[in-house]
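Asks: Pasting in a structure now, in structure tokens, and then I'll have a few things to ask.
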Amino acid sequence: GATGEMLLQAEKCGAVLKDMNYIQCLPGVPPNGKIRVRFHNDISRFILINTDGKRFVNEDSRRDVLRDAVLSQPGRSCIVIVDREGFESYDLLMRRDAVRGIETGDAYKGSSLKELAEKLGVPPENLTNSVEEYNRLCTTTVLGSQHHPIVKAPFWAAKSAMSIHYTMGGISINSSAECLNLQGVAIDGLYAAGECTGGVHGKNRIGANGICDALTFGMTAAETLASK
């Protein structure tokens with residue numbers, strides 16, 4: 028994957044880096060995990076609980092809010108819970124990973140919440156209370172979007188931890204995709220677009236906008252260069 032050498036090279040050319048402390052994360056494989064079980068892909072279908080079996084954040088929160096909430100939990104990790112309908116709403120590839128995850132210890136399945144809690148090693152009463160409270164909230168507007176209650180067995184769970192998804196920081200550019208120096212002046216002949224740039228999205232990028240960012244400023248850089 029991207030290891031950032033171009034940022035160091037751009038700095039040597041005089042470019043200034045911006046927002047390097049903003050790093051976007053998504054749920055991923057926990058330490059020593061083998062398979063990324065993606066029950067978290069649809070925010071209307073799952074809840075997040077900690078190792079005490081308690082829900083600790085709104086699942087449709089911004090990515091930076093979710094990151095900080097998960098990292099503040101015991102073990103800096105969480106557990107994703109879905110029911111049968113949630114499981115069946117995902118495509119065959121994701122369901123296959125979940126089944127394989129049971130074999131590797133990355134996923135769990137129970138005929139009841141109590142059985143699931145016992146397999147996870149969390150207090151059954153806490154998990155049951157968390158799911159029941161979430162289901163109650165599904166009938167209100169508290170969650171902020173249309174959510175599905177978790178009621179139909181079997182119930183599924185996957186252990187998850189934060190993994191780096193997107194670095195918000197990078198080379199500072201102007202609207203012409205020209206790289207800027209410390210004084211904010213464009214560096215002749217140096218252009219940048221996409222994830223290597225900083226300051227385009229701020230501290231949190233809306234999902235799916237990374238490709239739009241790269242294509243838009245990539246085209247802009249070409250048009251700027253062609254005009255000179």
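When you number the sequence shown by my numbering, it's gap-free, plus one each residue, and the end is 255. We treat Cβ as the ideally placed atom computed from N, Cα and C, and that holds for glycine. Owing to the predicted nature of the structure, the values given are computational and were not obtained by experimental measurement.
1. Comparing the CB of R103 with every heavy atom of the ligand PLP, is any distance shorter than 8 angstroms?
2. My guess is that C105 and V97 are in contact by the Cβ rule of under 8 angstroms, so how many angstroms apart are they, rounded?
3. Looking at I76: is its Cβ nearer than 9 angstroms to the Cβ of F182?
4. Could you tell me the alpha carbon to alpha carbon distance between Y135 and R63, rounded to whole angstroms?
5. Taking buried to mean at least 16 other C-beta atoms within 10 Å of its own C-beta, is P101 buried or exposed?
6. Taking G31 as the reference, which of K179, S202, N201 and T194 has the closest Cα?
7. Only counting the same chain, and skipping five residues up and downstream in sequence, which positions put a Cβ closer than 6 angstroms to that of A220?
8. Once DSSP output is grouped into helix, strand and coil, what is the label at V109?
9. Give, in chain order, every unbroken run of the alpha helix (DSSP H) that is at least 4 residues long and sits entirely within the segment 113–183.
10. Excluding sequence positions up to five away, which residues of its chain have a Cβ less than 6 angstroms from the Cβ of D95?
11. Touching or not, the segment 64–74 and the segment 225–236, by the rule of three or more beta carbon pairs under 8 angstroms?
12. Helix, strand or coil: how does DSSP classify N208 here?
13. Taking the continuous beta strand (DSSP E) assigned at A213, which residues delimit it?
14. When the Cα of R103 is compared with those of H228, Q51, M47 and P58, which residue comes out closest?
15. Count the other CB atoms, across all protein chains shown, that sit within 10 Å of the CB of D227; report buried if there are 16 or more and exposed otherwise.
16. Output the distance between the C-alpha atoms of N153 and N162, rounded to the nearest integer angstrom.
17. With a threshold of 16 other CB atoms inside 10 Å of the CB of D79, please say whether the residue is buried or exposed.
18. Would you check if the distance between the CB atom of A180 and the CB atom of G137 is smaller than 9 angstroms?
19. Apply the 10 Å Cβ neighbour rule to A37 and answer buried if 16 or more other Cβ atoms are within range, or exposed otherwise.
20. With H, G and I counted as helix, E and B as strand and the rest as coil, what does DSSP make of P54?
21. Please determine, among L44, R123, T251 and P54, the residue with the shortest C-alpha to C-alpha distance to S202.
Replies: So, to answer that:
1. Looking for the ligand PLP in the displayed structure turns up nothing, as the structure carries no ligands at all.
2. Between C105 and V97 a beta carbon distance of about 5 angstroms is seen, short of the 8 angstroms cut, so the two are scored as contacting.
3. With a cutoff of 9 angstroms on beta-carbon distance, I76 and F182 are scored as not near each other.
4. When rounded, the distance between both Cα atoms is 13 angstroms.
5. By the beta-carbon neighbour count (other beta carbons within 10 angstroms, threshold 16), P101 is exposed.
6. Taking only the C-alpha atoms, the option nearest G31 is T194.
7. Correct list, in chain order: A204, A241, F244, G245 and A248.
8. In the structure shown, V109 sits in a strand (DSSP, three-state: E or B).
9. Within the segment 113–183, the complete alpha helix (DSSP H) runs of at least 4 residues are 119–131, 140–147 and 151–164.
10. Hits under 6 angstroms: none found.
11. No, the segment 64–74 does not touch the segment 225–236.
12. The three-state reading of DSSP puts N208 in strand, counting E and B together.
13. Segment A213 to Y218, the beta strand (DSSP E) holding A213.
14. Selected option, being the one with the closest Cα: P58.
15. The sequence given here has Val at residue 227, not Asp. Buried, by the Cβ-count rule.
16. Within the model, the alpha-carbon separation for N153 versus N162 is close to 14 angstroms.
17. Answer is exposed; the Cβ neighbour count stays below 16.
18. The Cβ atoms of A180 and G137 lie closer than 9 angstroms to each other.
19. Buried.
20. Here P54 sits in strand by DSSP.
21. When each option's Cα is compared against that of S202, the closest is T251.
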